[in-house]
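Trainee: Numbering (the numbering used here), first residue to last: 204 to 813.
This is the structure I want to talk about, given as C-alpha cells.
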C-alpha cells in the first residue's frame, strides 16, 4: 500500500500527529482509555511515519509498541500493514515511532468528533462526583472550632519537624507519620480551616484512588463510577474528610494496600513488591490500630490463594514482605501497647453488645447523624443488604472487599474488645468506608442488568435497584446534613478562651489542671503552637494574664488578681475536683458554662466575714 493510497483507508476514530514524544504518549493513552471497551469492541491501531520518505514496518518489528501502550484488558489489537513507499526500504528505528501518526479505528466510532466527545465524557462524571464530594466537605468546615482530638493533632504538628517523632513517642499511642506530614502542611498556615483541609486533600486522594483501583480490578467503568459516587456522599467519609485526624489518610493507604496485595498475589513484579512494602510500613506508622488493616490484607491474600487465583509462591513472597513490614513496626506497637496498658484503656471505648455492633457497623454507611434515631440502623441495613449479598455470592473483587475489609475488622475489634481491653470505637472502623462503597457498587451492577450504557433511560429508572440506590444516596445526603448538628465535634476551648479574654484582667491567673487541656486552651488564648510539648511548659503568660498547668492550692489565693479555673463539664469529675478544692479551703463558684468547658471563680472559704 502506498502513501498515496493511504487516504483511501476507512479512518474511523481519532487522528493524532505530533513530533514530541511526551505529547504523543499522553494523547495515545488518553485515546485508548476513552475508546469504547464495553461489549468486546474490537479495533486496530495503524502506525505511519510521515517523517520518512521511504520506510516500512511490520507487526513483529513493532511488538514493543504493543507491549508498552496496549493493555490486553482494553481488547485492542495492533495491526500495522506493510507501508510501501517505493523501491527504497529502510529498517525502522524505535525512536522514529515517536514521530508517527496514530489512527485508532473502532467499530463504535464514526468520526473524529464522536471519539473526542467520548474522551471528554469519560471524565465528566467522575469529575462531577469529586466536585460534589469536595463541596460536601468544604461546606461548614470552619463553622466549629477545633475540638479536643484535633487540637491534640495540631499541637503535635506545631513542633519542629525533626522533633515530631520524639514528641509523639512521649505523648501519643499513635506513630508519627501522620503528624510529620501535618507538620509540613502547617508550615503554610495554622488556621482551623487550612488544617482541616489536610484531611480533605487526603479524602480527595482516597476518592481518586478508589476510582482508579476499581477500574483496574473490576474492569467496569460503571462500577468504578458508582463506587466513587457512593464514597463522595458517604457521611462517614464526609465526617473524616473535615476532621483534623489521620483517618482520611488511612482510607487512602488501605486502598493501595488492597490493590498492591492483589497485584503481588497475581504475579506482581519487583516494583509492585516494593510498593506493597512501603504501603504496609506507612499503614503501621500512621495509626496504632494499623495492624488491623494488615490483618485485612493477610485475609485477602489467603482468600486469593484458597480460591486458586494465586499460587503458594506468591503467597510466600507476600508474607515475607509483610513480615519485614511488621518487623519495622514492632517498636512502635510495643510502645503503643505499653502506653495503652498504663492508661487503663480508652475511656470512651466500649466492649459492644450485638446491638451496638450492628449500630456501629451501620455508621460506616449512615454516619453518626442518625436522623431517624434507632430506625436509622434498620433502614440502612434494609438498603444495603441486597447489593452486599449480591456482591459476596460470586467470586469477585466485591466479595473480597466485603469479607476481608469489612467483616474481618469488625470481628477483630469485637474479639479484642471482649477478650482484652475495649478498643471498639467508630473511628477505628472508618478506614474501611471506601470498601463498603466498592462492595455496594459491584453488588448493584450484578443485580441490575439494566446498568449498561446502551439501555434507555426510561428502562433504567424503572428498575427496583435504581430506586434503591437513589434512596441510599438520598439517605446519605440527609445523614450528612444532620451529622454535624446531631453529632457535633466540639470541646469548646475556643469559646472558653474567648470568655477568659473578656473576663480576665491584668494580674489574673487561670488554672488548667491537665496537660492536654493546657495545650488546647493556650492554642486559642494565646496563639497556635504557643505551647511546645517537649518544653514541658508549666505556665504561659498572655496580656499579663498567667495560665498555670496545675490545680490551685490555698497559698495561691494570697497573691493579687482574680483566680480562675477551667474544668470539663463531666459531672462526676467536676464534683470530685470541687470537693477536693473545698477540703483545702478554696471556694469555687461557677462563673460561665461554655458547652463542655466550665469556668470557675475561686476564693478563700477561710475568710472571716463580719
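We treat Cβ as the ideally placed atom computed from N, Cα and C, and that holds for glycine.
Computed from a prediction, not measured in an experiment: that's the story for all the values here.
1) Thinking residue 753 and residue 772 are a contact (beta carbons under 8 Å), I'd like their distance in whole angstroms, please.
2) Taking residue 608 and residue 638 to be in contact with their CB atoms under 8 Å, please state how far apart those CB atoms are, rounded to whole angstroms.
3) Can you grab the Cα-Cα spacing for the pair residue 313 / residue 648, in whole Å?
4) Straight-line CA distance for residue 805 to residue 635?
5) How would you label residue 376, buried or exposed, when you count the other beta carbons within 10 angstroms and need 16 or more for buried?
6) What distance in whole Å lies between the Cβ atoms of residue 436 and residue 679, which are believed to be in contact at a cut-off of 8 Å?
7) Whole beta strand (DSSP E) runs in the stretch 736 to 785 with 3 or more residues, listed along the chain?
8) Taking residue 646 as the reference, give the member of 468, 523, 524, 423 with the closest Cα.
9) Following the continuous beta strand (DSSP E) through residue 714, name the residue where it begins and the one where it ends.
10) Can you tell me whether DSSP reads residue 651 as helix, strand or coil?
11) For residue 600, which beta-bridge partners are listed by DSSP?
12) What three-state label does DSSP hand residue 415 in the structure shown?
13) Which whole-angstrom value is the C-beta distance of residue 681 and residue 574, which I expect to be below 8 Å?
14) When the Cα atoms are used, what is the spatial distance from residue 339 to residue 467?
15) Over what stretch of residues does the alpha helix (DSSP H) that includes residue 723 continue unbroken?
16) Curious, which full-length alpha helix (DSSP H) runs of at least 4 residues does the stretch 446 to 494 contain?
17) What residue range is occupied by the uninterrupted beta strand (DSSP E) comprising residue 802?
18) Which parts of the stretch 667 to 702 are runs of the alpha helix (DSSP H), unbroken and 4 residues or longer, counting only runs that do not cross its ends?
19) Based on the DSSP output, what are the partners of residue 793 in its beta bridges?
20) Consult DSSP for residue 626 and reduce its assignment to one of helix, strand or coil.
21) Would residue 484 and residue 531 qualify as a contact pair, given that the criterion is a beta-carbon distance under 7 Å?
22) Closest to residue 387 by CA distance: which of 372, 378, 367, 580 is it?
23) In chain order, what residues of the same chain lie with their CB nearer than 7 Å to the CB of residue 718, ignoring the 5 residues before and after it?
24) Would DSSP call residue 553 helix, strand or coil?
25) Please check the pair residue 355 and residue 630, which I expect to be a contact at CB under 8 Å, by giving their CB distance rounded to whole angstroms.
26) Closer than 6 Å by C-beta to residue 748: which residues in its own chain qualify, once you throw out the five before and the five after it? Chain order, please.
27) DSSP on residue 401, reduced to helix/strand/coil?
28) To the nearest angstrom, how far is the alpha carbon of residue 456 from that of residue 768?
29) Is DSSP giving residue 284 helix, strand or coil here?
30) Looking at residue 495 and residue 612, is the spacing between their C-beta atoms short of 7 Å?
31) In this structure, does DSSP put residue 392 in helix, strand or coil?
32) Can you have a look at residue 470 and say buried or exposed, based on whether 16 or more other CB atoms are within 10 angstroms of its CB?
Mentor: With the structure as the only source:
1) About 20 Å separates the two Cβ atoms, so there is no contact after all.
2) 4 Å
3) Caution is warranted here: a pLDDT of 46 is assigned to residue 313, below 50, making its placement in the model unreliable, and the coordinate value is therefore given only provisionally. Across the structure, residue 313 and residue 648 are spaced so that their CA atoms are roughly 28 Å apart.
4) 48 Å
5) buried
6) 4 Å
7) 742 to 745, 748 to 751, 766 to 771
8) Answer by Cα proximity: 423.
9) 712 to 715
10) coil
11) Its beta-bridge partners do not exist; DSSP assigns none.
12) helix
13) 6 Å
14) 36 Å
15) Segment 718 to 728, the alpha helix (DSSP H) holding residue 723.
16) 450 to 468, 473 to 487
17) 800 to 807
18) 667 to 689
19) Residue 793 is bridged to 803.
20) coil
21) yes
22) Among 372, 378, 367, 580, the Cα nearest to that of residue 387 is on 367.
23) 752
24) If DSSP states are grouped into helix, strand and coil, residue 553 belongs with the strands.
25) The Cβ separation is near 13 Å, so there is no contact.
26) 707, 711
27) helix
28) 42 Å
29) For residue 284, the predicted model reports a pLDDT of 36, less than 50, meaning its position is unreliable; a value from the coordinates is still stated below. Note: residue 284 maps to coil in three-state DSSP.
30) For residue 612 and residue 495, yes; Cβs fall inside 7 Å.
31) coil
32) exposed
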